[in-house]
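This report refers to the structure that appears directly beneath it.
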Amino acid sequence: MNPFTASIALAIVQLCSGLIMAGVFMSTPTERCTRYWALSGALAAAGICMIVVVYGGTAGVLRGAGLLLGNTCLFGASVAGWSGLRSFYQRSVRWWPWAFVAVYGLLFGILLALGADFTQRSYFAVGAMQLVFFLLLFEFWHGLSGAQARRYARWTFGRWIGLAAILLLSACYIARLVISTAHPEVFEPPLMSGLGVALIYLVPLGGSLLLSASLLMVYFERLVADKQRLATEDELTRTLNRRELVRCGERVLREAVGKGGSLTLAFIDVDHFKQINDRFGHQVGDRVLSGIAAVLRENCREGDLLGRYGGEEFCAVFPGLSQAEAGGIGERLVDAVRLRAFDHGQPVTISVGLVVLQPGQMQSWDALVNQADIALYRAKSEGRNAFRMAQAA
1 MNPFTASIAL AIVQLCSGLI MAGVFMSTPT ERCTRYWALS GALAAAGICM IVVVYGGTAG
61 VLRGAGLLLG NTCLFGASVA GWSGLRSFYQ RSVRWWPWAF VAVYGLLFGI LLALGADFTQ
121 RSYFAVGAMQ LVFFLLLFEF WHGLSGAQAR RYARWTFGRW IGLAAILLLS ACYIARLVIS
181 TAHPEVFEPP LMSGLGVALI YLVPLGGSLL LSASLLMVYF ERLVADKQRL ATEDELTRTL
241 NRRELVRCGE RVLREAVGKG GSLTLAFIDV DHFKQINDRF GHQVGDRVLS GIAAVLRENC
301 REGDLLGRYG GEEFCAVFPG LSQAEAGGIG ERLVDAVRLR AFDHGQPVTI SVGLVVLQPG
361 QMQSWDALVN QADIALYRAK SEGRNAFRMA QAA
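Each residue of the sequence shown is one higher than the one before, starting from 1 at the first, in UniProt numbering.
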């Protein structure tokens, strides 16, 4: 492939990539990350087109202006891509990255005015791009932080592709710099070698496509994860919603029955919750439910199930607990909530009904829930702030 054909192919691919990014932004105009990525695609397409025109035969001032604007647009595209990724991972994006773009354009213009050749310009361009590649690598590697990070898978296919694309582009720029230092004729048009065409056009084309694809993938992976969470999670308490709890509970029950294991189901109700809402308001009531959910989560093991069954009722499933261990978990849950300090200044208690499926027993999910509900009614009728056991039939 000759340089002109390769440059046209690169320009077409960048234009298509820019259109895709623009389409994503138009579909989600309120997302800051897609705004930056659309800008990145537009700048990359503009930069490549300018450079293609330059190498197509312009000379003198027009050639210099094309190189200056084209390279500055490409650098700005990388900075915009990094800004979008930083925004996607919910970190602030300030004005100073765009100052870098302005300084880059100024210094590149000075190099052109001084008559710097391809190799000399490459030292500057590669050094600047390596800085942006490092920033992109950091964002991909660091990802989300804090509580948000626990809500999503850390390593997804999109992130791996993004890391690979950045490493590929970084290696390509470094290789181009090293080779141009020893053999500048490799990159000199119109007799550019096959290696020069690959490093100037083909590898950046593949790397740019991979990077654009990775940005789209991490974005849509987040959308799918959010959709899945909305379908399975109670928004207020961050526990399983009733439908997902029943689905997972029935699966765990089938596994326990099939393996001849034990299982404990706990039905939990917040004592006098209506009084909390009536006296302090529904916002306080919501905070109480969220706080209780957090306490219950802290006392569940990995592999246990916890969900909001409705209103102020929760349900938890503890695979593998014996009768004695079930009593211990009931006491621990009641004590943990009673000792928890809530921001409205009043103590909150719960009542718990427990039912244990013994090894070898056969029970349906509805039958277990019904028996746990009867045990819960006993706990509430006998004074609340307690747990009661019901033996599975």
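C-beta atoms are modelled at their ideal positions from N, C-alpha and C, and glycine is treated no differently.
All values reported here derive from a predicted model rather than from experimental measurement.
Check: Going along the chain, which residues of its own chain have a beta-carbon closer than 6 Å to the beta-carbon of residue 398, five neighbours each way excluded?
Finding: This structure cannot speak to residue 398, because the chain is shown only from 1 to 393.
Margin query: Tell me the rounded alpha-carbon separation between T239 and S78.
Written below: 40 Å
Item checked: Length at least 3, wholly inside the region 344-372: the beta strand (DSSP E) runs in chain order -> 350-357
Note to self: Does C73 come out as helix, strand or coil in the three-state DSSP assignment?
What the structure shows: helix
Next item on the list: Quick one: grab the DSSP three-state call for P204.
Entry: helix
Notebook entry, point to check: If you count every other CB in all the chains shown that lies within 10 Å of the CB of A390, and 16 or more means buried, which is it?
Noted result: buried
Notebook entry, point to check: Considering only C-alpha positions, which residue in the set G81, Y104, A213 and S27 is nearest to T72?
Noted result: Y104
Notebook entry, point to check: Would you report the Cα separation of A198 and A165, rounded to the nearest angstrom?
Noted result: 16 Å
Notebook entry, point to check: So, helix, strand or coil for F342, using DSSP?
Noted result: coil
Check: Taking the runs of the alpha helix (DSSP H) that are 4 residues or longer, which of them lie wholly in the region 7-61?
Finding: 32-55
Next item on the list: Name the one or two DSSP bridge partners that V317 has.
Entry: L265 and L305
Item checked: Whole-angstrom distance between A171 and P204, CA atom to CA atom -> 10 Å
Next item on the list: Answer yes or no: do L85 and E31 have a C-beta to C-beta separation smaller than 8 Å?
Entry: no
Margin query: According to DSSP, is A153 part of a helix, a strand, or is it coil?
Written below: coil
Checklist line | Cβ-Cβ separation, L177 to V93 (assumed contact under 8 Å), whole Å | finding: Not confirmed; about 29 Å, so no contact.
Item checked: Opposing strand residues paired with L240 [DSSP bridges] -> E233 and G307
Notebook entry, point to check: So V252 and L263 are in contact, right, with Cβ under 8 Å, and what is the actual spacing, rounded?
Noted result: 7 Å
Next item on the list: Taking 8 Å as the cut-off, decide whether the C-beta atoms of A375 and G360 are in contact.
Entry: no
Note to self: Using 8 Å for Cβ pairs, my map puts L296 next to F267. What's the rounded Cβ distance?
What the structure shows: Contact doesn't hold; Cβ gap of about 12 Å is too wide.
Check: Are at least three pairs of beta-carbons, each pair with one atom in the region 12-31 and one in the region 205-217, less than 8 Å apart?
Finding: yes
Checklist line | Closest residue to L136 among Y89, L195 and G41 (Cα-Cα distance) | finding: Y89
Next item on the list: May I have the straight-line CA-CA distance separating S180 from F124, to the nearest angstrom?
Entry: 13 Å
Notebook entry, point to check: In terms of residue numbering, what span does the alpha helix (DSSP H) encompassing R297 cover?
Noted result: H282 to E298
Next item on the list: With DSSP collapsed to three states, give me the class of V270.
Entry: strand
Next item on the list: Pull up the DSSP beta-bridge partners for F124, would you.
Entry: Note: F124 sits in no beta bridge, so no partner.
Notebook entry, point to check: Secondary structure at M389, three-state DSSP: helix, strand or coil?
Noted result: strand
Checklist line | Whole-number beta carbon distance between I329 and L321, since they are thought to touch under 8 Å | finding: 6 Å
Next item on the list: Might you give, ordered along the chain, the residues of its own chain that have their beta carbon closer than 6 Å to the beta carbon of L69, omitting 5 neighbours on each side?
Entry: M50
Item checked: Span separating the alpha-carbon of G115 from that of S87 -> 39 Å
Check: Which residues in the same chain as A225 place their Cβ atom closer than 6 Å to its Cβ, once the five residues preceding and following it in sequence are excluded?
Finding: Y152
Checklist line | Assigned secondary structure, A171 (DSSP; H/G/I helix, E/B strand, else coil) | finding: helix
Check: Can you list, in chain order, the residues of its chain whose CB lies under 7 Å from that of F280, leaving out five sequence neighbours each side?
Finding: H344
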